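Enquirer: If you're matching positions, the sequence shown starts at 1 in this note's numbering and goes up one per residue.
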Amino acid sequence: MEQLKPRRPRQNQIDQTRGWVAEALLLLMEERSYVTITLTDVAARSGIARQTLHRHFAQLDDVLLWVMDHTFEEFLAGLHGRSALDSPAAVEANLLSALEVCAHNRRFLRLLHRHGLSHLFLQKIEAFAAHLGGDWAANRDPNEHRYRLAWFAGGFHHLVMNWSSEEHPWPQERLVRLVRGLAAF
């Protein structure tokens, strides 16, 4: 009697479909302007039915946001310590981890930059930064905390966008040393 292969959990199938859609969008973004791409184009490129695509994504920006969610999940999995900003050592370890994730997702970041969509990445960083806490946020004036987070989000965004768009970017460790020097300033 032939055994049936166990079925993959539904979430794996959903992630696989979304991954195909995301890859199709990135391929299209390498070929032409983002503003000319439609969900119909993405469905055709990914080889899935348009109705299936619409079950997963209501609009094109949702595909980009899904890729960013996965990027930030990857970053969160690599966080060292209870807060990203509790100590200089935690900041350095987490910055290096974040840059490694960005290096892994460099193609996506370059496409965001090329198509004028890096503001979506900044919004994701700001949302993430709002959840940073630990000793870094303890007993701080709320306005001071808000300004520190704004500096962190904006600085990290611009650093990553510039770094990922370079043909021969600096090694991640060198950027960490640069940020360490700037933080001492």
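Just so it is clear, CB atoms sit at the ideal spot from N, CA and C, and this is done for glycine as well.
Keep in mind it's a predicted model, so treat the numbers as computed, not measured.
Between which two residues does the alpha helix (DSSP H) harbouring alanine 58 extend?
Expert: For the purposes of this step, residue 58 is taken as the residue at position 58 of the sequence shown. First-last for alanine 58: undefined, no H or E at that position.
Enquirer: Is glutamate 92 closer than 9 Å to valine 176 when the C-beta atoms are compared?
Expert: Taking the sequence shown and counting its residues from 1, one reaches residue 176 at position 176. Taking the sequence shown and counting its residues from 1, one reaches residue 92 at position 92. Cβ atoms of valine 176 and glutamate 92: closer than 9 Å.
Enquirer: For aspartate 15, does the three-state DSSP call read helix, strand or coil?
Expert: By 1-based counting over the sequence shown, the position of residue 15 is 15. In the three-state reduction of the DSSP assignment, aspartate 15 falls in the helix class.
Enquirer: Are phenylalanine 121 and methionine 68 touching if we call contact CB-CB under 9 Å?
Expert: In the sequence shown, the residue the question calls residue 121 occupies position 121. In the sequence shown, the residue the question calls residue 68 occupies position 68. Contact: yes.
Enquirer: Can you name, in chain order, every residue of its own chain whose Cβ lies under 7 Å from the Cβ of cysteine 102, other than the five neighbours on each side?
Expert: Counting from 1 along the sequence shown, the entry for residue 102 is found at position 102. The residues are Leu109, Val160, Ser164.
Enquirer: Expressed to the nearest angstrom, what Euclidean distance is found between the alpha-carbon atoms of glycine 78 and threonine 36?
Expert: As a first step, residue 78 must be located in the sequence shown, where it is residue number 78. As a first step, residue 36 must be located in the sequence shown, where it is residue number 36. Straight-line measurement puts the Cα of threonine 36 at about 36 Å from the Cα of glycine 78.
Enquirer: Helix, strand or coil, according to DSSP, for glycine 155 in the structure here?
Expert: For the purposes of this step, residue 155 is identified with residue 155 of the sequence shown, where counting begins at 1. Reduced to three states, the DSSP call for glycine 155 is helix.
Enquirer: For alanine 89, count neighbouring Cβ atoms within 10 angstroms of its own Cβ and tell me buried if that reaches 16, exposed if not.
Expert: If you number the sequence shown from 1, residue 89 lands on position 89. The residue is exposed, with fewer than 16 neighbouring Cβ atoms inside 10 Å.
Enquirer: Where does threonine 71 land, buried or exposed, given buried means 16+ other C-beta within 10 angstroms?
Expert: Mapped onto the sequence shown, residue 71 falls at position 71. Buried, since its Cβ has 16 or more Cβ neighbours within 10 Å.
Enquirer: Do you know how far the Cα of leucine 112 is from the Cα of glutamine 3?
Expert: Taking the sequence shown and counting its residues from 1, one reaches residue 3 at position 3. Taking the sequence shown and counting its residues from 1, one reaches residue 112 at position 112. Low local confidence applies: a pLDDT of 44 at glutamine 3 is under 50, so the model's placement there is unreliable, with the coordinate-based value given in what follows. Distance between the alpha carbons of glutamine 3 and leucine 112: 46 Å.
Enquirer: Identify, in the order they occur along the chain, each residue of the same chain with its Cβ nearer than 7 Å to the Cβ of phenylalanine 128, setting aside the five sequence neighbours on each side.
Expert: Taking the sequence shown and counting its residues from 1, the one referred to as residue 128 is at position 128. Same-chain partners within the cutoff: Phe72.
Enquirer: Look at asparagine 105 and glutamate 126 and say whether their C-beta atoms are less than 9 Å apart.
Expert: Position 105 of the sequence shown, counted from the start, is the residue given in the question as residue 105. Position 126 of the sequence shown, counted from the start, is the residue given in the question as residue 126. No. Outside cutoff.
Enquirer: Got a sec, what are the start and stop residues for the alpha helix (DSSP H) threonine 40 sits in?
Expert: Within the sequence shown, residue 40 is the residue found at index 40, counting from 1. Per DSSP, threonine 40 belongs to the alpha helix (DSSP H) from 39 to 46.
Enquirer: Using alpha carbons as the reference points, say which of Glu167, Gly155, Pro169 lies closest to leucine 182.
Expert: Stepping through the sequence shown from its first residue, residue 182 is reached at position 182. The shortest C-alpha separation from leucine 182 is found at Gly155.
Enquirer: State the Cα-Cα distance for the pair arginine 18 and alanine 44, rounded to the nearest angstrom.
Expert: Along the sequence shown, one-based indexing puts residue 18 at 18. Along the sequence shown, one-based indexing puts residue 44 at 44. Their backbone Cα atoms lie some 14 Å apart in a straight line.
Enquirer: Compute the beta-carbon to beta-carbon distance between threonine 40 and arginine 50, rounded to the nearest angstrom, for a pair I have assumed lies under 8 Å.
Expert: As a first step, residue 40 must be located in the sequence shown, where it is residue number 40. As a first step, residue 50 must be located in the sequence shown, where it is residue number 50. Going by Cβ atoms, the distance from threonine 40 to arginine 50 rounds to 6 Å, so yes, they are a contact pair.
Enquirer: By a C-beta neighbour count over all protein chains shown, 10 Å radius and 16 as the cutoff for buried, is asparagine 94 buried or exposed?
Expert: Within the sequence shown, residue 94 is the residue found at index 94, counting from 1. That one is buried.
Enquirer: Expressed to the nearest angstrom, what Euclidean distance is found between the alpha-carbon atoms of valine 21 and aspartate 141?
Expert: Working through the sequence shown from its first residue, we reach residue 21 at position 21. Working through the sequence shown from its first residue, we reach residue 141 at position 141. When rounded, the distance between both Cα atoms is 44 Å.
Enquirer: Which first and last residues belong to the alpha helix (DSSP H) in which histidine 104 is found?
Expert: Sequence index remark: in the sequence shown, residue 104 carries index 104 (1-based). From DSSP, the alpha helix (DSSP H) with histidine 104 extends over 88 to 104.
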